[in-house]
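Chemist:
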Amino acid sequence: MKSACVFFVILTLSSGSKLPEYLTKCSKSDPKLSECLLSSVKQAWPTIIKGDNSYHIAPLNPLKITAMHVVVGDNQLVGAVYNALFHGLENAKFKEIKWDLTKKRIDMKFLLPTSYLTGDYTVTGRIIGLPLEGNGTEKVTFENMDNAHSMVYGTIEKDGKEYIEIKKTQMSYTTSRLSLDIRNLFNGNLILGKAMNEVLNENWSAVNMELNPYLGNAIGEIYSQIIQEFFNKVPINDMLSN
234 MKSACVFFVI
244 LTLSSGSKLP
254 EYLTKCSKSD
264 PKLSECLLSS
274 VKQAWPTIIK
284 GDNSYHIAPL
294 NPLKITAMHV
304 VVGDNQLVGA
314 VYNALFHGLE
324 NAKFKEIKWD
334 LTKKRIDMKF
344 LLPTSYLTGD
354 YTVTGRIIGL
364 PLEGNGTEKV
374 TFENMDNAHS
384 MVYGTIEKDG
394 KEYIEIKKTQ
404 MSYTTSRLSL
414 DIRNLFNGNL
424 ILGKAMNEVL
434 NENWSAVNME
444 LNPYLGNAIG
454 EIYSQIIQEF
464 FNKVPINDML
474 SN
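In our numbering, the protein residues as written are 234 to 475.
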């Protein structure tokens, strides 16, 4: 979720706090601001991923997701995941971070070599033209998940300091392989469930094409919610110097 290294940091809202010492405070006027932010992220991520009780940073390996909803098209497919765990953030490879102070926009690109999501699910609708319905447990695995996450924000003033308020978020991704293991499809019909899993995995590229960007945006919303908690706590001038 720190200048943009904030990525996934889980913090409680309270009075303004200084930037954690393991994060580099970059300069707004630095022509190489993006390089400074990227360096800060790469250096601090191993610390952030482990959590920091003094900053109420929860461990992010795995990332706990209470609920995530995905609606494809005009209710073509409606799904949700509950009590989920997302693994793989500890190996994130940050590639680019841009903070446009004029447009009030932050963009991050990062690669997750291998990541997977496990949890309870419900789903109903159609995917690649086939009916899909069930509720149970699932595991979704991504190989080389290449993410592009953007946030457009406004600012609010609190106690004389300026804070970021995210207004819009968007995330897309590409993956070299998507694998699905969905249990208890079609009211527990093992034959239909096995056949559907086989079809979905054989046609994973087409499945991914239909799910993305809906799934990407759903994951991006979770990232942004966590990042917003950090922005609630640390004012802009404590993240970036003049």
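Note that CB positions come from ideal geometry on N, CA and C, so glycine has one too.
Using 10 angstroms around the beta-carbon of residue 336, count the other beta-carbons present and answer buried if the total reaches 16, otherwise exposed.
Modeler: The residue is exposed, with fewer than 16 neighbouring Cβ atoms inside 10 Å.
Chemist: When burial is assigned at 16 or more other CB atoms within 10 Å of the CB, is residue 477 buried or exposed?
Modeler: Any answer about residue 477 is impossible in this case: the structure gives the chain only from 234 up to 475.
Chemist: Can you list, in chain order, the residues of its chain whose CB lies under 8 Å from that of residue 368, leaving out five sequence neighbours each side?
Modeler: Counting only Cβ-Cβ distances below 8 Å, and skipping sequence neighbours, we find 353, 354, 355, 356 and 417.
Chemist: Helix, strand or coil for residue 275, going by three-state DSSP, please let me know.
Modeler: Helix.
Chemist: Comparing C-alpha positions only, which one of 408, 390, 387 and 430 sits nearest to residue 378?
Modeler: If we check each option's Cα against that of residue 378, 408 comes out closest.
Chemist: Residue 342 and residue 329: beta carbons closer than 7 Å?
Modeler: Contact flag set, yes.
Chemist: Quick one: what's got a C-beta closer than 6 Å to residue 282's C-beta in the same chain, skipping five residues either side?
Modeler: Excluding positions up to five away in sequence, the list reads 293, 294 and 323.
Chemist: Rounded to a whole number of angstroms, what is the C-alpha to C-alpha distance between residue 263 and residue 312?
Modeler: In a straight line, the C-alpha of residue 263 is about 44 Å away from that of residue 312.
Chemist: Kindly list the residues whose CB is nearer than 7 Å to the CB of residue 453, restricted to its own chain and excluding five residues on each side of it in sequence; keep chain order.
Modeler: Here the set comprises 382, 402, 403 and 404.
Chemist: With which residues is residue 373 paired in a DSSP beta bridge?
Modeler: BP columns for residue 373 point to 350 and 413.
Chemist: Between the beta-carbon of residue 447 and the beta-carbon of residue 314, is there less than 7 Å?
Modeler: Taking 7 Å as the Cβ cut-off, residue 447 and residue 314 do not qualify as a contacting pair.
Chemist: Which word fits residue 246, buried or exposed, when buried means at least 16 other C-beta atoms lie within 10 angstroms of its C-beta?
Modeler: Residue placement at residue 246 is flagged as unreliable, the pLDDT there being 37, under the threshold of 50; the coordinate-derived value follows with that caveat. By the 10 Å Cβ count, residue 246 comes out exposed.
Chemist: Buried or exposed: residue 265, going by 16 or more other Cβ atoms within 10 Å of its Cβ?
Modeler: Residue 265 comes out exposed.
Chemist: Compute the beta-carbon to beta-carbon distance between residue 302 and residue 451, rounded to the nearest angstrom, for a pair I have assumed lies under 8 Å.
Modeler: So it is a contact: roughly 7 Å between Cβ atoms.
Chemist: Would you identify the three-state DSSP class for residue 334, choosing helix, strand or coil?
Modeler: DSSP places residue 334 in coil when its eight states are reduced to three.
Chemist: Measuring alpha carbon to alpha carbon, tell me which of 425, 347, 412 and 419 ends up nearest residue 440.
Modeler: When each option's Cα is compared against that of residue 440, the closest is 412.
Chemist: According to DSSP, is residue 360 helix, strand or coil?
Modeler: Residue 360: strand per DSSP, three-state reduction.
Chemist: How many whole angstroms separate the CB atoms of residue 423 and residue 259, which I take to be in contact at a CB cut-off of 8 Å?
Modeler: Actually they are not in contact, since the Cβ atoms of residue 423 and residue 259 sit about 55 Å apart, beyond 8 Å.
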